[in-house]
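Note that the protein sequences, when read in sequence, are chains A and S. Going letter by letter, the first sequence gives residues 76 to 377 in our numbering. Going letter by letter, the second sequence gives residues 811 to 961 in our numbering. Single-structure report; data block below.
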Amino acid sequence: MKNLISMRDIGKEDILKLITLANKIEQKEIKVDMSGKLAALLFFEPSTRTHFSFETAVKKLGGNTFSMSGTSSTSVKKGETLADTLMTISMYADIIVIRHVLEGAARFTAETVAVPVINAGDGTNQHPTQAMLDLYSIQKTQGTLENLTIGMVGDLRLGRTVHSLAQALSDFNPKFYFASPRHLQMPAYIKDDLKEKNIEFTELEDIKEVIHELDIMYVTRIQKERFAVLEDYEKVKDSYIITKKLLEGVKKNFKVLHPLPRVNEITTEVDNTRYAYYFQQARNGVFMRQAIISELLNLKNI
Amino acid sequence: MKKQLKVDPIKNGTVIDHITAGKALQVAEILNIGKNEKEIMIGINLSSKKTGKKDILKIENRKLSEDEAGSIALISPAATLIIIEDYKVVRKTGIELPEEIKEHIICPNANCITNNEKTETRFYLAGKNPTEIRCAYCEKKYSIDEVKFKF
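Given below as structure tokens:
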């Protein structure tokens, strides 16, 4: 692997390899060394959470970072092309992590510079490190990625993370339930991909009907702004709030995942149940990002 | 009885036959043939034994590049190319749908990097019947009727 741009580029083998590596790093079975190397964290679109996670990952590997967040203080504002900005930065950095508001920006970066590139989110398109940490979290809680029943709940139309995750899981024979308001359903192009691979999925408006079947429930936030009429939001919002009561009688191995930040879609009383896994999921993100950086830089075990 | 051609023959050049009915003007646009001074004949909605109706385009003194032929296949997968020399057919071939199309298609997604930075576009074939393509950058999938060509 030279870059990590899109889940479309990597197959089952790469996924399992990265999961194994993340697990070895977490268990301290190996210690990879990034000392003397620099990662450029280019957050043209600010994202505190992902930014911190990458920064933590690099520092835990013994490497260093330099960062930007937003475009206001940079040469971008002076009219320099993105290509020139990236070329210059690649003269200093050993690896580039980029988040950008434009779709395809990460692939463009990888084709412009000679150093490895990690996509930390390009517009509404891909966020592969999130998909990988989600997969790692599923593997850790279920012991496998194969043949799981997975519910996705919330805004499935615009949620980039659920798109990447659905695609990534499709190599592992999952059964999906997609629960969302009608106008926020999983987009046709994702469903087409699943149909092509003969993946079983059902769309519904309330996850309650099937919650007892689930191994994993992946929850995303429904934003009020996505509704043209406020009344419509008021009508549906309670169906998409996960409460402790809703979780009564779920399977023993059942876990709730969420990419965070959470607003009110999972009540805080759920945090103390054995089913809540979203904060560990964020922690898993650091191990997975360490693994991805190690793989792309071909770092050695010391 | 002698067969009457509805569109005059050409001496040397290319005939694009069995163009999907109604698509000839789009093919002409791709080939930019409004901008050169070669002799061109266009037939639209002609009767065809194979498909019922078809369009046809005859261009004097012109050979098509691979990219041009590929783009025509995207719009009209059943089209055939006929090379004419001295009024005779010297070669008749179908056109393969290209797996990759560089440069000649504009991505309809305004938020795609290719519409914001100076870079060549690149699309992959994503489906046949109907033809669909996917942008290599923003990864969005489009039906061929949604995109614009530029040559």
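We treat Cβ as the ideally placed atom computed from N, Cα and C, and that holds for glycine. Note that the coordinates shown come from a computational prediction; the quantities given were computed from them, not determined experimentally.
Distance between Ala351(A) and Ile291(A), taken at the CA atoms: about 11 Å. Around the beta carbon of Tyr167(A), fewer than 16 other beta carbons lie within 10 angstroms, which makes this residue exposed. If you draw a straight line from the Cα of Asn339(A) to the Cα of Tyr308(A), it comes to about 14 Å.
Neighbourhood of Thr156(A) in chain S, by CB distance below 8 Å: Glu927, Lys928, in chain order. Note that the C-beta distance between Phe247(A) and Glu271(A) is not below 7 Å.
The C-beta of Asn939(S) comes no closer than 7 Å to any C-beta of chain A. One thing to note: Pro918(S) has its Cβ no nearer than 7 Å to the Cβ of Gly880(S).
Gly218(A) and Glu101(A) have their C-alpha atoms some 16 Å from each other. A check of alpha carbon separations from His333(A) across Lys299(A), Asp230(A), Val311(A) identifies Asp230(A) as the nearest. DSSP, read as helix, strand or coil, puts Arg232(A) in coil.
At a cut-off of 7 Å between C-beta atoms, Leu136(A) does not count as an interface residue with respect to chain S. Assigned with DSSP and collapsed to three states, Phe362(A) falls in helix. Counting only residues of its own chain and dropping the five nearest sequence neighbours on each side, Ile94(A) has a CB closer than 6 Å to the CB of Tyr211, Gln214. Here the alpha carbons of Leu841(S) and Phe961(S) stand approximately 7 Å from one another.
At a cut-off of 7 Å between beta-carbon atoms, Phe183(A) makes contact with chain S. Taking 7 Å as the threshold, the shortest C-beta distance from Tyr952(S) to chain A does not fall below it. At a cut-off of 7 Å between beta-carbon atoms, Ile943(S) makes no contact with chain A. Contiguous beta strand (DSSP E) elements confined to the segment 119-155 of chain A occur at 139-144, taking only those with 3 or more residues. When the Cα atoms are used, Ser122(A) and Thr342(A) turn out to be separated by approximately 24 Å.
The beta carbons of Leu867(S) and Val837(S) sit about 6 Å from each other, so the pair counts as a contact at 8 Å. In chain order, Arg124, Arg296 place their CB closer than 8 Å to the CB of Pro336(A), counting only its own chain and leaving out the 5 sequence neighbours on each side. Sequence-distant Cβ neighbours of Val331(A) in its own chain, meaning closer than 7 Å and more than five residues away, are Met292, Val294, Ile317, Ile341, Val345, Tyr350, Ala351, Tyr352, Tyr353.
Of all residues in the segment 97-109 of chain A, none places a beta-carbon less than 7 Å from a beta-carbon of chain S. Put simply, the backbone Cα of Thr160(A) is about 20 Å away from that of Cys948(S).
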